[in-house]
Structure formats: structure tokens, C-alpha cells
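Counting from 681, one number per residue, gives the positions in the sequence shown under my numbering.
No residue lacks a Cβ here, since even glycine has one placed at the ideal position from N, Cα and C.
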Amino acid sequence: MPKPKVLVTRKLTGPVEDRLAGDYDVVLNPSDRPMTASDLAAAMRSYDALVPTVSDQLNSSCLNVDGRRVRMIANVGVGYSNIDIDTARDVGIVVSNTPDVLTDATADIAMMLILAASRGAYAAEAKLREGRWAGFSVVDDLGTGIQDKVLGIVGMGRIGRATARRAAMGFGMRIVFYNRSSAEDLDFEAERLGSIDAVMSQADVVSIHVPGGGANPLITAKHIAGMKPSAYLVNTARGDSVDQAALIEALAEGRIAGAGLDVFENEPSVPDALRRLRNVTLLPHIGSATEEVRTAMGMLAADNLDAFFAGENLPSRVV
Ligand code: DGY
């Protein structure tokens, strides 16, 4: 039997590429250049499976392309807002993702952004790098301590929990959260509130942990307007979960104190108005970016592919 034909849309770590090259008739992307919509549509006709990631937009017209051959999409990423899941289900394409292996790494970055935002890390570092530091001062560069402050988690899934656990147990924060279902088995103290509004208005720091991909942002201008003027917003989930324009306005007008963002609405484009702000720490979507985790994500995608072609249950099937 010929090996299944698999396209890997972006460069993966060495051990993952070696494994896929051994097991499949694989085409890799050594240049790591993102694929265009027409590259992806052509790939849908030529391969048995795709191994894409969060930068590949597999929308309804791409998944519905005439003459489609792809039967399986093994996404490298826990989030799959880049894939039109309803269409995949309708046309019978199996989709998998890579949960769990990136939970701690992403929660670490959320914690880093909570600290960076509340301690004004970017503004202080910029002052030093730009030669504006006049020496130690008792009263300059004062941030806000997070001990005993309230962390509001929106979305108490795996990464929300891991972030809350770090904040509660490591940094003495009090946790409130919004989650559609009741979050059972929390091993730290946390109070579930009845609405996103309640979390936004009570928290000193809000951290977003929802999947994204909805038609409209879950966190609206009204939610942002309900935050304390002294509060910070952190997002390590998806840029389209927050009304980015409203967030920029609130930050620029000092209606909230600051933000820490690892994700943006139309990556990799980041508006100048956001890049100019000193009260924001901006990272280029690195939540899961460690050598170990990116290899584990790729290996889990490969496990899903193997299970699909062996006719077995997938370790992490989405549809
Ligand atoms: C994910 O897995 O969804 C991240 O955003 C990319 O690592």
C-alpha cells in the first residue's frame, strides 16, 4: 500500500519532521513561508491529510473545494479557530488538535504578562534601552503589587486553571472566574461569578482563556468599559476574543491601566496605535513556544494522524 500523502504547512521541529518523513509520503515546508489561500485550496485536492497550524485559514470554501482529497486535518495547536469546524463536520473531514501538552507553557506566559503589565515592564525597559534612565529612584517606575489582588479568569478550561493556580498558589492572588459550565475539582480557592461583566468589574487583572473564532468578540467595548481604571487585561488565547479597537482606545485614554497581549486580531498585523502604547507588553504569539512543547505538539499531531490511518480512536479528536 502506498503511504498516505501528507502536507505539513509550516516548519515543525526536527524530531517531528523526521518522524513524519519516515511514516508518510510527506511534503514539508523548509522555508516556513505561510501558505496562501490558493496554496491551501490546491493542497486540499492533492493530499490525504494536512498538518496545518494556527496561521492557516481553512475556511468553508477551502474545505468545500471541488475535487477534495483531504480526509484528515491534524492541527498543530490546541486552538482550532483557524478551521471551520462546522464545515469539516458537514463534509466528513476528521480534525484533531493538540491539548494538554502546551497548558503549562501557555499559563507561564499568561503569568509573565500579568507581572509585566502590573509592573510596567515594557515602559521601564524602553526607558533603559533608549538611554532615558537617570539612575535609581524611590518614586519612579512604580507598578502595582498583585498579592491579595483579584485575578478574573474568563474561561476556566485547562489553561485558565493553570494560570489561576499559579496566581493563587504562587502569588497570593484571589481568583474570580466566569465559565459557562461549573468548573469542578479546582485545587485552589476560586469564586465563580454569574457573568463576564461581574468578572470584568471586580478584577484587578483579567486574563482571557476562551477559544475565539466567534463571529463577534466575546469581550466587548462594554465589558472593557466596566473594568476598573486601575485594572489590567491579559490575553494569551485568541485576538478575536477581545474587541481590539475598543481595548486600544481604553488603553490610550487611560481608562484601564495596561495590558499584556500575546495574540492579536489579524496576526501578524499589529496596529501602530497599539505598538506605540507604553502601558502594554506585546509578544508575538509565543504562549506554547518552547522547544519541548512545540515538539510535543507536533508528536501529538503525528499520533492523531497515525491513529486516523490505522482506523483507531484519535488521542485528541475535535470532529
Ligand atoms: C494554540 O495551540 O492554539 C496556540 O495558540 C499556538 O500554540
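Counting only unbroken stretches of 4 or more residues, the alpha helix (DSSP H) elements lying wholly within the region 725 to 749 are 740 to 743, in sequence order. Our two residues, residue 800 and residue 948, have alpha carbons roughly 24 angstroms apart in a direct line. Annotated as distal: residue 849 and residue 885, with beta-carbon spacing of 9 angstroms or more.
Under the three-state reduction of DSSP, residue 997 is assigned to strand. Beta bridge pairing from DSSP links residue 782 with no other residue. Note that the C-beta distance between residue 777 and residue 759 is below 9 angstroms. Short note on residue 836: C-beta not closer than 8 angstroms to any heavy atom of ligand 1. Taken through DSSP and simplified to helix, strand or coil, residue 857 comes out as strand. At least one heavy atom of ligand 1 falls within 8 angstroms of the beta-carbon of residue 968. Judged by beta-carbon spacing, residue 725 lies within the 9 angstroms limit of residue 749, meaning their Cβ atoms are closer than that value.
Annotation for residue 928: the continuous alpha helix (DSSP H) segment containing it runs 924 to 932. A direct Cα-Cα distance of roughly 30 angstroms separates residue 846 from residue 984. DSSP places residue 867 outside any beta strand (DSSP E), giving it a letter other than H or E. In this structure, the alpha-carbon of residue 945 lies about 20 angstroms from that of residue 756.
A straight-line Cα-Cα distance of about 37 angstroms links residue 872 and residue 819. Nearest in C-alpha terms to residue 918, of all of 843, 838, 965, 876, is 965.
Using a Cβ distance threshold of 9 angstroms, residue 851 and residue 826 count as a contacting pair. Counting only runs of at least 4 residues, the region 873 to 911 fully encloses the following alpha helix (DSSP H) elements, listed from N- to C-terminal order: 876 to 882, 901 to 905.
Distances from the CB of residue 733 to the heavy atoms of ligand 1 include at least one below 8 angstroms. Residue 961 carries a strand assignment under DSSP once its states are collapsed to helix, strand and coil.
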